[in-house]
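In the numbering used here, the protein residues as written are 0 to 198.
Where is the CB? At the ideal position from N, CA and C, for every residue including glycine.
Only one structure is covered here, and it is reproduced in the block below.
Now the structure itself:
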């Protein structure tokens with residue numbers, strides 16, 4: 000049984016719904032300036048509006064394509080002035096930036112460069128870890144996680160392709176974004192993902 004074939008339709012459904020939620024909340028227009036930290040152009044094709052989007056990623060790439068500009072950068076230390084953008088956006092990234100200090104820096108930078116923000120992250124307390132798609136994987140000791148990853152292909156991660164993910168809870172998001180409101184994305188009655196939003 001291929002777990003990807005089962006999970007992919009859910010992923011597409013939630014991503015599309017999330018982007019429509021973003022559009023309803025923020026009502027972006029062609030003059031809206033958005034910084035998307037850790038994201039890619041595809042998400043922005045899922046909404047009707049056509050805002051200007053700066054995509055900041057770790058890849059060594061600088062290119063322009065219409066309303067999109069992609070640059071290399073680190074979300075923990077963004078080289079932009081305060082409130083340089085109208086909205087800061089990040090989808091499934093903050094759990095990958097490192098430990099508590101790194102997540103603190105990432106959140107502070109998103110709040111600094113724009114007065115409004117939309118940040119999504121998988122819920123730590125959802126039973127299936129979303130990257131390895133393994134029941135309660137996030138609660139295993141790291142030594143066991145690495146052992147399993149070294150021997151099996153789990154979820155989206157090929158055997159031996161370890162990637163650390165420090166999942167967050169609603170309480171973590173409240174601490175990191177004290178001026179934001181928490182929204183919950185449900186699957187089978189359980190909170191699958193969390194969004195923290197300042198409008």
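Indicate whether at least one CB of chain C lies closer than 8 Å to the CB of residue i.
| i | result |
| --- | --- |
| residue 179 | The displayed structure is made up of one protein chain only, and chain C is not part of it. |
Within its chain, find whatever has a CB closer than 6 Å to the CB of residue i; leave out the 5 residues flanking it on each side and keep chain order.
| i | result |
| --- | --- |
| residue 35 | 52, 54, 88 |
| residue 195 | 118, 172, 176, 179, 181 |
| residue 82 | 114 |
| residue 144 | none |
What residue range is occupied by the uninterrupted alpha helix (DSSP H) comprising residue i?
| i | result |
| --- | --- |
| residue 110 | 99-112 |
| residue 193 | Where residue 193 is concerned, there is no enclosing alpha helix (DSSP H), although the beta strand (DSSP E) it sits in stretches over 189-197. |
| residue 62 | From DSSP, residue 62 is part of no alpha helix (DSSP H) but of the beta strand (DSSP E) over 62-64. |
| residue 162 | No alpha helix (DSSP H) contains residue 162, which DSSP labels as neither H nor E. |
By the three-class DSSP mapping on this structure, what secondary structure does residue i have?
| i | result |
| --- | --- |
| residue 123 | coil |
| residue 3 | Reliability fails at residue 3, whose pLDDT of 46 lies under 50, so the model's placement of it is uncertain and the value that follows must be treated cautiously. Reduced to three states, the DSSP call for residue 3 is helix. |
| residue 174 | helix |
| residue 73 | strand |
| residue 139 | coil |
| residue 59 | coil |
Excluding sequence positions up to five away, which residues of its chain have a Cβ less than 8 Å from the Cβ of residue i?
| i | result |
| --- | --- |
| residue 156 | 130, 131, 148, 162 |
| residue 25 | 31, 86, 115, 117, 198 |
Short of 7 Å in beta carbon distance, which residues of its chain neighbour residue i, apart from the five on each side in sequence? Order them along the chain.
| i | result |
| --- | --- |
| residue 183 | 190, 193 |
| residue 60 | 69, 71 |
| residue 96 | 74, 75, 102, 105 |
| residue 49 | 29, 66 |
Would you list the one or two residues that DSSP bridges to residue i?
| i | result |
| --- | --- |
| residue 86 | 33, 115 |
| residue 133 | 128 |
| residue 167 | 122 |
| residue 156 | 153 |
| residue 67 | 52, 64 |
Tell me the residue span of the beta strand (DSSP E) that contains residue i.
| i | result |
| --- | --- |
| residue 186 | 180-186 |
*List in chain order: all unbroken beta strand (DSSP E) runs of 3+ residues lying wholly within the region 28-54.*
Taking only runs of at least 3 residues, the beta strand (DSSP E) segments lying wholly in the region 28-54 are 32-36.
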